[in-house]
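In our numbering, the protein residues as written are 4 to 762. Quick notes on the structure that follows.
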C-alpha cells in the first residue's frame, strides 16, 4: 500500500506547489472512514481509493482531483455525508464526490433502470466538471484491474458495462491509452479464447519481426535526419481488442492482418509533419487509399495525426502515424492533457472547454441526452450518441457535421436542427438525389430537401443512427399519434352530443374528464381515440352530467325462447347470435326481422374475421345475414341505413382448432433482407403466409399486404406486436376491405410482385 508521503511526493514531482495539507487530510480521512472494510480480494478497502489517486497522478491532475480520488467512495460506502465533505474539504470537492456517488434507495424496477439513472446523474456531473469524468475513469480502471476476485457472472456484467460505456467514453475524450486498457481487460473476460489467441499471435509476431522492426526504425530515423528533420521513431503494437474488432469488421482471418505492428514518427511542428510525409512518399511507394490527414480535419476527440501506409524496407507494408509531441500527448491522454496542472492553477472549466473540442462537444451532447428522454431509451441513445466512430460530412455552405459511422441523411438533418429533421423529405448527396437510407461517408456534401407539411414516419427510427434523431422521431410520432387520437375522440364525443341534442361547455368537459379519472378534456379525448375509454362508459358519464335518460341503442328484435337468449345458427358452426334491444327499427328493418329464424343463411364478409373479433350482423329483407367485424369500414355506410343490426358472437364450443385467413399491411424500409425479416417474424409466431402483394411507395419504402392464417385474435395480436417491434417497419395493422380485395385479386395499379420475391 502506498504511504501518505509517497502520494504527496508523486504529486510534487509534477507540481512543486501542491497543497500538501489537503492531500494529507484527504488521505487520513478516507483511511479512517473505510476503516476495516475489505475488498473481494481480501485487501483493505482503502487500497482502492489510494490506487485511484495514483492513476490520477499519472495523468498529472490537480490537487483537488487527487483528493477526490481518495474520497470518491466515502459518501457511498461509509457513514460520511456530503455536508461533512463540504465542511472539511470545501464545496468544490464535495460537488465532485457527490457527482461520483451512485443513486441509492430508489424504487427502480430493474438493473437497467438503475444503470440508466446512475449514468444520467454521472453525465450531468461530468458536464459541470470534467474532473468527475477523469476520476470515474480511474476508478473503473482500477476495478477492472482487480476484477478477477469477483464472481464470474459479476465479472461479465461489469466487463460488458465497461465495454459499452466507460471504454468508449474514454475514447470520446481522446484518452486512447486508458481506452485500450479498459477494452483489453473487458475483452479478456468476455471472450477469453479470442483474447488468448490474439495475444499469443502478437507475442510471436514481435519475436519473429524484432530484426525487421529495428531495421525500419533505424532507416526512418536516418532518412529523416539526412533531411534535417529531428524525429523520434517508435514501433507500436495494436491492442488485442482493436485487432479483434478489425477482424470482425472486415471478416478476415487473423493471419491476413498486416498492420498489427505500426510506427509513430514524432516531430517538432505541424510543418515538419507535412515535410516528413513528402519525404516518406518520395522515398517509398505509397499504398493507395491509405492516407488520412487528421491534422487538417481533427477527429471529434481532438486527435490529430497523419496516417499513411508505405511499402517499406524488405517489401514490408508499414503503417505510419506522423505527429508532433503535443499531438502525441493529446492522442494518449486526451482531455487529461488539457486538464493537467498548469502554471500553479487548478483545472479551469472554461479553459478546458475552449482548448478541448471533445469536452465542449460532450457537454452539448449530454444536454441533448438528459432532456426529456425516458429511462428505457436513455441507455440506447447514450450508446448511439456518444460511443461510435464518426464520419465527417458538409453542408452546401461548408459547415462540418460529425456523425457516427452508419449515419444517414436523416441523422444529418436532425444534427442541423430538429425542425429540419422533422420536415426532411429527401436529400442530395454530392449533388445527386439519393434514398434517405443511404449511409454517409466522410467528405460527402449533403443538402436536405424539406416540406413544411411533412412529419417523420415511425419507420425512420430503424434508419436513424444517432440518439438525437431517434429521440426526435419518436417524439414526433407520439405527438402525431396523440393528435390523431384526439381528433377521433373529439369526433366520437361530437356524434354522441349531436345524437342526444345537447352541448358541453368547458366546465362540463372538465367534469366529464374527472368523472372518468382524467386530468382534462383533451387527455380524455385522446384516451377515447386510443380505445382506452369505451363509448359505453363515456355515454354513461355524459348522461349523468347532462341528466340524460340512458337509452338502449341497439335494435329491438325478437329473442329466442332459450335460457340465455342465444340462437345457434344451423348454417354455420362457427357463430351464434343474440338479438339485443334498442332503437325503433324502420320498415325495411322490421321486414328483415320478421323473416329472421333458425334457417336464416349467413354470409361472412371478406375481411379476414378471426375468432375473438367483435362481430356485427347486418340483415336486410330477402338477404342473408352478413357478418362483419366491428372495426370494418363497411359498417360506416350502414349507420344511417334502414337495416337490422344483429349482435353476433362466436360459438367455439366444439373446441376444434382451425386456421382463419386474415390480411395485414405494413410499410417496410427498402433494403436487402427486409422481406426475409418480415416472414421470419410471422413464422416465429407460428402463423402461415398464404399470399403477398407489395409495391414501392417511394425510393425508400415498400408497402406490403400479407394474407396470413391464424388460430384466433390472440395469435394475430402476437403477430402484429412482433412486427411492430421489428426495426424498419411502420404502419403495421390489419388491412381494410380495399387491401383485402387487392390481395384476393392480385391487382394493385399494375405494380405487383407476383413471384412473392423480395424486390
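Note that the Cβ used here is the ideal one computed from N, Cα and C, for glycine as well.
key: Which listed residue (145, 688, 625, 704) has its alpha carbon closest to that of residue 675   = The residue with the shortest Cα to Cα distance from residue 675 is 704.
inquiry  = Check for me: the alpha helix (DSSP H) holding residue 148 runs from which residue to which?
reply    = Boundaries of the alpha helix (DSSP H) around residue 148: 133-148.
Beta-bridge partners of residue 706, as assigned by DSSP = Paired residues: 670, 698.
ask   = Going by DSSP, what residues sit across from residue 648 in a beta bridge?
value = DSSP, once it has assigned bridges, lists 621 as partnering residue 648.
query = What residues match up with residue 265 in a beta bridge as DSSP calls it?
reply = Answer is 239, bridged to residue 265.
message = Using a 10 Å radius around the Cβ and a threshold of 16 neighbouring Cβ atoms, would you call residue 411 buried or exposed?
response = When all chains shown are included, residue 411 counts as buried.
Assigned exposure category for residue 170 - 16 Cβ within 10 Å defines buried = By the 10 Å Cβ count, residue 170 comes out buried.
request  = Using the Cα positions of residue 31 and residue 140, report the straight-line distance between them to the nearest angstrom.
outcome  = Looking at the two C-alpha atoms, the distance is approximately 23 Å.
message = I want to see whether chain C comes within less than 8 Å of residue 67, judged by CB atoms only; does it?
response = Included in the structure is just one protein chain, with no chain C present.
Of the listed residues 641, 620, 399, nearest to residue 605 (C-alpha basis) = The shortest Cα separation from residue 605 among 641, 620, 399 belongs to 620.
inquiry  = Quick check: what's the CA-CA separation for residue 729 versus residue 666?
reply    = One alpha carbon belongs to residue 729, the other to residue 666, and they sit about 18 Å apart.
Within 8 Å, strictly: CB atoms of residue 290 and residue 325 = It is not a contact, given that the beta carbons lie outside the stated cut-off.
inquiry  = Using only the alpha-carbon positions, how far apart do residue 40 and residue 48 sit?
reply    = Distance between the alpha carbons of residue 40 and residue 48: 5 Å.
task = Can you tell me the Cβ-Cβ gap for residue 201 and residue 264, rounded? I've got them flagged as a contact below 8 Å.
result = The pair is not a contact, with the Cβ atoms about 13 Å apart (cut-off 8 Å).
query = What three-state label does DSSP hand residue 310 in the structure shown?
reply = Residue 310 falls in the strand class under three-state DSSP.
query = So, using beta-carbon positions, are residue 695 and residue 707 closer together than 8 Å?
reply = The answer is yes: Cβ separation under 8 Å.
ask   = For residue 322, which residues does DSSP report across the bridge?
value = The partner list for residue 322 (beta bridge, DSSP) reads 312.
task = Run the CB neighbour count on residue 764, radius 10 Å, all protein chains shown included, and call it buried at 16 or more, exposed below.
result = With the chain running from 4 to 762 in the structure shown, residue 764 is simply not present.
query = Do three or more CB pairs link the region 171-186 to the region 75-92 at distances below 8 Å?
reply = Taking a contact to require three or more Cβ pairs closer than 8 Å, the region 171-186 and the region 75-92 do not qualify as touching.
task = Kindly indicate which three-state DSSP category residue 10 falls into: helix, strand or coil?
result = In the structure shown, residue 10 sits in a helix (DSSP, three-state: H, G or I).
query = Which one of 466, 618, 685, 42 has the shortest CA to CA distance from residue 438?
reply = Of 466, 618, 685, 42, the residue nearest in Cα terms is 466.
request  = Indicate whether residue 671 and residue 731 have their beta-carbon atoms separated by less than 8 Å.
outcome  = Cβ atoms of residue 671 and residue 731: closer than 8 Å.
inquiry  = Measuring alpha carbon to alpha carbon, tell me which residue in 194, 251, 298 is nearest residue 306.
reply    = The shortest C-alpha to C-alpha distance from residue 306 to any of 194, 251, 298 is the one to 298.
message = So residue 102 and residue 125 are supposed to be a Cβ contact under 8 Å. How far apart are they, rounded?
response = Contact between residue 102 and residue 125 holds: CB atoms are separated by about 7 Å, below the 8 Å threshold.
request  = Pull up the distance between the alpha-carbon of residue 538 and that of residue 477, whole angstroms please.
outcome  = Between residue 538 and residue 477, the C-alpha separation is close to 29 Å.
ask   = DSSP puts residue 631 in a beta bridge; with which residues?
value = Residue pairing of residue 631 in beta bridges, as defined by DSSP: 619.
message = Beta-carbon within less than 8 Å of residue 524's beta-carbon, same chain only, minus the 5 sequence neighbours each way: which residues are those?
response = Counting only Cβ-Cβ distances below 8 Å, and skipping sequence neighbours, we find 509, 512, 513, 515, 516.
Exposure label - residue 11; buried when at least 16 CB within 10 Å = Residue 11 is buried by the Cβ-count criterion.
inquiry  = Suppose the cutoff is 7 Å on Cβ atoms and the five residues either side in sequence are ignored; what does the same chain contact list for residue 304 look like?
reply    = Excluding sequence neighbours, residue 304 sits near 174, 175, 176, 177, 337, 361.
request  = Could you check the C-alpha separation between residue 487 and residue 686 for me, to the nearest Å?
outcome  = One C-alpha to the other measures close to 32 Å.
request  = Name the two residues that bound the continuous alpha helix (DSSP H) containing residue 475.
outcome  = Going by DSSP, residue 475 is part of the alpha helix (DSSP H) stretching over 470-503.
request  = Answer yes or no: do residue 451 and residue 419 have a C-beta to C-beta separation smaller than 8 Å?
outcome  = Contact flag set, yes.
According to DSSP, residues forming a beta bridge with residue 27 = DSSP lists no partner for residue 27.
message = Considering only the alpha carbon of each residue, which of 272, 322, 271 lies closest to residue 295?
response = Of the candidates 272, 322, 271, the one whose C-alpha sits nearest the C-alpha of residue 295 is 322.
ask   = Going by DSSP, which residues form a beta bridge with residue 247?
value = None, per the DSSP bridge assignment.
request  = Whole angstroms is fine: what's the gap from residue 281's alpha carbon to residue 328's?
outcome  = Rounded to the nearest whole angstrom, the CA to CA distance from residue 281 to residue 328 is 19 Å.
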